[in-house]
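These notes concern the structure reproduced below.
Residue numbers (the UniProt record's numbering), protein chains in the order written: chain Z, 1 to 314; chain B, 1 to 314.
Put into structure tokens, the structure is as follows:
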């Protein structure tokens, strides 16, 4: 990485210290949530921008037509079954079985999903939310099977990306594209509205190669129950992001989220893209001895996306 | 137990063989679901009786007033904290912690809950549903904490009560009284409507002292995923029984049910009473070498309840 071209990266002061000895500590966020002023040519409505700024997430529906959804779900099925010749290094399997839970570097294993990642409905919105050109920090296909889908405990993605990947500031947003219907009982994304405004400096140092276990069950970098409880009460309760196939959930990098397990017969799948501002490209980790591998954090090719308009299929 | 007084118990032919070597097998239920003809003096509405017969469960709301609910929830809190001097033999704790998950023989540890068990709103309805006088086969307080509430996989209670407790026929009903609000995300009771009509003869013999592990995580006597999937599709999907504190969920002994885990801050608690018809008292287990202990299956004191009308508090 040539830092000469990004003078803003020459200073990498740690604005969000975490994984410290002693107690968990809370501090106010130092960055905007919404980095653009809304105007008539914004890619989302004013009420949507306000909802995102206030709650740290935004659910958008009916963005894709039936042909586009068919193409995406069929492509996802092929990838999950190994049809994309995905190398083992880019796969995560369920703790108790061989079922594929995650395909990493999704944009590199599929032309269709690369096109989706660049779509104006995702990347265009991300540019607006972050007030900058964007690149993919991470991309993946998540698959949560029926009957045995495991829970994922509350966490802030930013806390991990800052500590273990070296992401300097809160200027990233995730977009989750639902590839199955996601109702209340098959493990929908749960969020703590407003939690994006608080940085939780987690207690405890990062173990070596933490990512090898944290992707299955995160144990370091998670907030205390009392803290989650307090933030949830402040927000008037937990929010749940549910919807039909094709629903897109944008959530800010510091919004606390998690999901329950799923004993129902209905599996859950989604395509997940993390957009980071070009001005916020990763540096050395702030609280880990070595950065996580490239499939988790794009360190080598932060290439600005040119958002593409139009349908995904001809 | 003096079988002279119950000549119906002299024949204990096994109408529902289970825990057999080889494959799981399905058969039609041989007993009615609703054992009474509805009439104007029934304790539930005609539509409720029909819903129960068709779906295998019934949710009833707003049965108790604020004073009654306050008394019940305060009593439950005391019991959970050990204030009722509950012996360890009647407690089940969470797999990963010391938190109390279940208090068995609830009616014996609490006068208030004994009164509730005998209440016309519960026992009176149970008499109607079962077309007989009733006794308590089992009673317990369930507590599912926030953040770490564990899932409970799909199962038919009758399958276990028949195999391990010797309950001859499908003539029992459970009543779950919610002691906390129970929404979609804190582990509500999930049910497969219509599944009460099918007996699933489960594959595999019962291990010795199976109940010592099955109460935390049931591994024997559970249906195959494909079977649950098919029954759920027949029903048009899974049902969820949610409600405010005081909601009562009646579910037939053979209705498939389970619950997801709960990462939300909101705990769940309920008082759980199993009413069995006096004519259906337990015999020797049909598929286990020894009966389960008395706290799980009342073998010694099948005393007919006299339903009590009026409020729980003065």
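From the three backbone atoms N, C-alpha and C, an ideal C-beta is built for every residue, glycine too.
Where residue 13 of chain B falls, given that 16 or more other Cβ within 10 Å makes a residue buried: exposed
Closest Cα partner of residue 261 of chain Z within the set Z:129, Z:143, Z:301 and Z:286: Taking residue 261 of chain Z as reference, the option from Z:129, Z:143, Z:301 and Z:286 with the minimal CA-CA separation is Z:143.
Any chain B beta carbon closer than 9 Å to residue 193 of chain Z: By this cut-off, residue 193 of chain Z is not an interface position.
Sufficient close CB pairs (3 or more, under 8 Å) joining the stretch 203-211 of chain B to the stretch 257-274 of chain B: no
Contact under 9 Å by Cβ, residue 271 of chain Z with residue 189 of chain Z: no
Range of the contiguous beta strand (DSSP E) that encloses residue 228 of chain B: No beta strand (DSSP E) holds residue 228 of chain B; the alpha helix (DSSP H) holding it covers 225-234.
Cβ-based burial, residue 290 of chain Z [other Cβ within 10 Å; buried from 16]: exposed
Rounded C-alpha distance that separates residue 60 of chain B from residue 247 of chain B: 6 Å
Chain-ordered neighbours of residue 240 of chain Z on chain B, where CB pairs are closer than 9 Å: 184 and 185
Per-residue contacts from residue 256 of chain Z into chain B (C-beta, under 7 Å): Simply none; closest approach about 11 Å.
Buried or exposed (CB count within 10 angstroms, at least 16 for buried), residue 66 of chain B: exposed
Best match in Z:157, Z:148, Z:310 and Z:164 for proximity to residue 173 of chain Z [C-alpha to C-alpha]: Z:157
Option in B:224, B:118 and B:80 with minimal Cα separation from residue 104 of chain B: B:80
Contacts that residue 228 of chain B makes with chain Z (C-beta to C-beta distance below 7 Å): Residues of chain Z passing the Cβ test: 265.
For residue 273 of chain Z, the residue or residues it bridges with in DSSP: Z:139 and Z:175.
Residue from B:137, B:85, B:64 and B:155 with nearest C-alpha to residue 221 of chain B: B:155
Cα-Cα separation, residue 347 of chain Z to residue 47 of chain B: Nothing in the structure corresponds to residue 347 of chain Z, since chain Z is present only between 1 and 314.
Inter-stretch contact at 8 Å, needing at least 3 Cβ pairs: the stretch 281-295 of chain B / the stretch 223-231 of chain B: no
Residue 306 of chain B to residue 126 of chain B span [Cα, whole Å]: 12 Å
Residue-chain proximity (residue 159 of chain B, chain Z), Cβ-Cβ < 9 Å: At a cut-off of 9 Å between beta-carbon atoms, residue 159 of chain B makes no contact with chain Z.
Contacts around residue 187 of chain B, its chain only, beta-carbon distance under 6 Å, and the 5 residues preceding and following it disregarded: 144, 149, 259, 260, 262 and 268
Min CB distance residue 128 of chain Z to chain B below 9 Å: For residue 128 of chain Z, no Cβ of chain B is located within less than 9 Å of the residue's own Cβ.
Own chain partners of residue 191 of chain Z with C-beta closer than 8 Å, once the 5 adjacent residues on each side are dropped: For residue 191 of chain Z, where only same-chain residues beyond five positions count, the Cβ hits under 8 Å are 55, 56, 57, 238, 239, 240, 241, 251, 255, 256 and 257.
Check whether residue 36 of chain B and residue 131 of chain B have beta carbons under 9 Å apart: yes
Reduced DSSP category for residue 152 of chain Z - H, G, I as helix; E, B as strand; rest coil: strand
Close Cβ partners of residue 182 of chain Z (< 7 Å) along its chain, the five nearest in sequence each way excluded: 188, 242, 243 and 268
For residue 184 of chain B and residue 284 of chain Z, the rounded distance between their alpha carbons: 41 Å
Close Cβ partners of residue 197 of chain Z (< 6 Å) along its chain, the five nearest in sequence each way excluded: 29
Reference residue 312 of chain B; option with closest CA among B:39, B:121 and B:165: B:121
For residue 252 of chain B, the three-state DSSP class (helix, strand or coil): strand
Proximity test, Cβ basis, 9 Å: residue 180 of chain B and chain Z: Judged by the 9 Å Cβ criterion, residue 180 of chain B is not in contact with chain Z.
CB contact below 9 Å: residue 259 of chain Z versus chain B: True, the Cβ-Cβ gap to chain B drops below 9 Å.
Beta carbon proximity, residue 114 of chain B to chain Z, threshold 9 Å: Interface criterion not met: the Cβ of residue 114 of chain B is under 9 Å from no Cβ in chain Z.
Three-state secondary structure assigned by DSSP to residue 105 of chain B: coil
Residue-level contact to chain B via CB, residue 153 of chain Z, 9 Å cutoff: yes
Enclosing beta strand (DSSP E) for residue 128 of chain B [first to last residue]: No beta strand (DSSP E) holds residue 128 of chain B; the alpha helix (DSSP H) holding it covers 125-130.
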